[in-house]
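To convert, count from 1 in the sequence shown and add 16; that's our numbering. All C-beta atoms, glycine included, are put in the ideal place defined by N, C-alpha and C. Everything below concerns the one structure shown next.
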Amino acid sequence: MKKSVFTMFVLSLLLLLCACGADNTEEPTSDDSAASVTQIEAEDTVTTVAVAEEPTLPVEQFEDVVLYEDGNFAIKLETMYQKEINHSDIGKKIESHITMRLTNKTDRDIIISSNGFYLHDEKLRNVQCGGSDKVLAGKSNTITYYMQYDTSPDPTPLESMELLKELEWIFEFNIMDAAGDKITSSVDAEIRIADALNPQAAGYDFFYGTWEVTSIDLPNSGMMTVAQMEDGLVFDWSDWTVVLTENKELYLQTNNLSLYESVVNVTADGFSAGRNTWTRSGDKLVYNLSGTDVYYEKVSDDQTIPTLQKDDIVKMLQGTWNIVSDSRTGSVVFDDKSVTFDINTFAFTDTYCILSDEQTIRMDTQISNQNISIELSYTYENGELSLVYSGDPLVKE
């Protein structure tokens, strides 16, 4: 009996618990629903904070912008950019960088050096921060600098990367010996970025072509024209010629010499090869030699370098040439600098000059204070040089 009553009590309690569970499954009233939604929204709310983006620093890449090129070296502009540098002494600064590609076309190693970079007339402080200033034979590499104003007590960054486009400087190519132990020669390359970016404005085309001497300004005698030179004893200036090509090759012809240069630097002001410099003066070029100004005028746009050069003629002349004539006897003997003329009873030894524009070999001398001029005409055909004196041929022994 007690057991049955206990069992019934337990069953009643379970039924009561089930009823409570059923009540909890009922949908909440409208007030309860609103409160629940509010609670959920509050839990899921995300606070958005605006974050300022860092400004993008400028970068500019270049294609086929040649800063300098000749037969041995080439420099191309690759990139300009700004980058933040954390300096140990002055902190973080935005610095303007320039990257160039150096190409060594020779069979010797070269080392690049500069005497300074200039912005207009102000010398800048340059810091090499990438690449190598040594370029192995036949190889290329890049070199990077950033530029600063050389101020005191601390250097100052450039205000704009665009100012790099106004840089100018001189690179020195130091050419090493075969072992790479010491410098054997050096070549200067003058560089202006503005000219390289706008070569047409720089006026380089003005220089390409064939130039001939029109006058000279002697320190003691003053100006002389070609006609006056050929009438006097300075005739050997009269057919000086310069040929400059767009490939930066130069042919220089003087009295009995020829110079072929593949290392030529062209700027808006003129061009140079080795120690020779031609400076633009209006529509002319001026070349200074030991105080004498030599003036050239452009005779054509032809950039053909002569195949028969004066050096070649000098080599073919050297030796003894006998005259073939019914009325004259004798010979003319050439070496590389002088000539001995001995025909009939007239003889002298003096210098000679090749006038290639007239295909003439001229010999001037003074006898009893009188100027004596003798000319031989020459022709060159099929690799052979022929000489004629006053209508009679000369035959080389």
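Chain-order list of residues whose beta-carbon lies under 8 angstroms from that of residue i (same chain, five-residue window excluded)
{"i": "Phe232", "result": "Checking the sequence, you will find Ile at residue 232 rather than Phe. Counting only Cβ-Cβ distances below 8 angstroms, and skipping sequence neighbours, we find Met239, Met240, Met245, Val250, Trp253, Thr308, Asp309, Val310 and Tyr311."}
{"i": "Met192", "result": "Arg124, Asp125, Ile126, Ile127, Lys198, Ile199 and Thr200"}
{"i": "Phe25", "result": "Caution applies to Phe25, whose pLDDT of 44 falls short of 50 and renders its modelled position unreliable; the value that the coordinates give is listed next. Closer than 8 angstroms at the Cβ level, and outside the excluded window around Phe25, lies no residue."}
{"i": "Thr230", "result": "Thr241, Val242, Lys300, Tyr311, Tyr312 and Glu313"}
{"i": "Ile359", "result": "Ile339, Arg344, Thr345, Gly346, Ser347, Val348 and Tyr405"}
{"i": "Gln55", "result": "Because Gln55 carries a pLDDT of 47, less than 50, the predicted location of this residue cannot be relied on, and the following value inherits that uncertainty. For Gln55, where only same-chain residues beyond five positions count, there are no Cβ hits under 8 angstroms."}
{"i": "Phe89", "result": "Leu118, Thr119, Asn120, Lys121, Thr122, Ile126, Phe189, Val203, Ala205 and Val279"}
Element boundaries [alpha helix (DSSP H), containing residue i]
{"i": "Gln144", "result": "Note, Gln144: premise wrong, no alpha helix (DSSP H); beta strand (DSSP E) at Glu138 to Gly147."}
{"i": "Glu246", "result": "Val242 to Asp247"}
{"i": "Phe269", "result": "Per the sequence shown, residue 269 should be read as Gln rather than Phe. From DSSP, Gln269 is part of no alpha helix (DSSP H) but of the beta strand (DSSP E) over Leu266 to Gln269."}
{"i": "Asp342", "result": "Segment: none, Asp342 is in no alpha helix (DSSP H) and carries neither H nor E."}
{"i": "Ser330", "result": "Looking at the sequence shown, residue 330 is not Ser but Val. Looking at the DSSP string, the run of the alpha helix (DSSP H) that includes Val330 is Lys326 to Leu333."}
Integer Cβ distance of residue i from residue j, believed to fall under 8 angstroms
{"i": "Gly87", "j": "Ser278", "result": "3 angstroms"}
{"i": "Gln375", "j": "Thr395", "result": "7 angstroms"}
{"i": "Glu111", "j": "Ile101", "result": "5 angstroms"}
{"i": "Asp366", "j": "Ser354", "result": "7 angstroms"}
{"i": "Val282", "j": "Phe187", "result": "So it is not a contact: roughly 14 angstroms between Cβ atoms."}
{"i": "Tyr165", "j": "Asn142", "result": "Wrong, their Cβ atoms sit about 11 angstroms apart, outside the cutoff."}
{"i": "Leu183", "j": "Leu118", "result": "The Cβ separation is near 16 angstroms, so there is no contact."}
{"i": "Asp170", "j": "Ile106", "result": "5 angstroms"}
{"i": "Val1", "j": "Glu262", "result": "Since the first residue of the chain shown is 17 and the last is 413, residue 1 is not available in this structure."}
Sequence-distant residues of its chain with Cβ nearer than 6 angstroms to residue i (five each side left out)
{"i": "Ala284", "result": "Asp211, Ala218 and Gly219"}
{"i": "Glu228", "result": "Thr257 and Val315"}
{"i": "Thr320", "result": "none"}
{"i": "Gly399", "result": "none"}
{"i": "Pro74", "result": "Gln98 and Met177"}
{"i": "Leu140", "result": "Phe133 and Met163"}
{"i": "Leu180", "result": "Met96, Ser112 and Ile114"}
{"i": "Leu83", "result": "Ile91, Leu93, Ile207 and Ala212"}
{"i": "Ser148", "result": "Asn157"}
{"i": "Trp294", "result": "Gly286, Phe287, Leu301 and Tyr303"}
{"i": "Met332", "result": "Leu401"}
{"i": "Phe350", "result": "Leu333 and Gln334"}
{"i": "Asp204", "result": "Ile186 and Glu188"}
{"i": "Pro409", "result": "Val340"}
Span of the beta strand (DSSP E) around residue i
{"i": "Leu135", "result": "Ile126 to Leu135"}
{"i": "Lys121", "result": "First-last for Lys121: undefined, no H or E at that position."}
{"i": "Pro215", "result": "Careful: Pro215 lies outside any beta strand (DSSP E), inside the alpha helix (DSSP H) at Pro215 to Ala218."}
{"i": "Val348", "result": "Gly346 to Phe350"}
{"i": "Ala363", "result": "Phe362 to Leu371"}
{"i": "Asn190", "result": "Leu183 to Met192"}
{"i": "Ile106", "result": "Where Ile106 is concerned, there is no enclosing beta strand (DSSP E), given that its DSSP letter is neither H nor E."}
{"i": "Trp227", "result": "Gly225 to Leu234"}
{"i": "Asp221", "result": "Neither: Asp221 is in no beta strand (DSSP E) and is coded neither H nor E."}
{"i": "Glu76", "result": "Val75 to Glu85"}
{"i": "Leu275", "result": "Ser274 to Glu277"}
{"i": "Asn157", "result": "Ser156 to Tyr165"}
{"i": "Leu444", "result": "Nothing in the structure corresponds to residue 444, since the chain is present only between 17 and 413."}
{"i": "Asp252", "result": "Looking at the DSSP string, Asp252 is not in any beta strand (DSSP E), and its letter there is neither H nor E."}
{"i": "Tyr198", "result": "The residue asked about is misnamed: residue 198 is Lys in this sequence, not Tyr. Taken as a continuous stretch (DSSP letters only), Lys198 belongs to no beta strand (DSSP E), as it is neither H nor E."}
Same chain only: Cβ atoms within 7 angstroms of residue i, ignoring 5 sequence neighbours per side
{"i": "Asp352", "result": "Val330 and Gln334"}
{"i": "Ile390", "result": "Phe357 and Met379"}
{"i": "Lys326", "result": "Gln269, Asn272, Leu273, Ser274, Ile370 and Ser372"}
{"i": "Asp318", "result": "Gly225 and Thr226"}
{"i": "Leu324", "result": "Tyr396"}
{"i": "Asp39", "result": "Note on Asp39: pLDDT 45, under 50, position unreliable in the model; no value is reported."}
{"i": "Ala153", "result": "Asn120, Thr122, Asp123, Arg124 and Asp125"}
C-beta neighbour in chain B for residue i, strict 8 angstroms
{"i": "Phe133", "result": "Going by chain labels, chain B is absent from the structure shown, which holds only one protein chain."}
Contact test: residue i Cβ vs the ligand ATP heavy atom, cutoff 7 angstroms
{"i": "Val151", "result": "Of ligands this structure carries none, so the ligand ATP is not represented either."}
Return the chain-ordered ranges of every beta strand (DSSP E) run that is complete within the region 280 to 325 and spans a minimum of 3 residues. 280 to 283, 286 to 289, 292 to 297, 300 to 305 and 308 to 316
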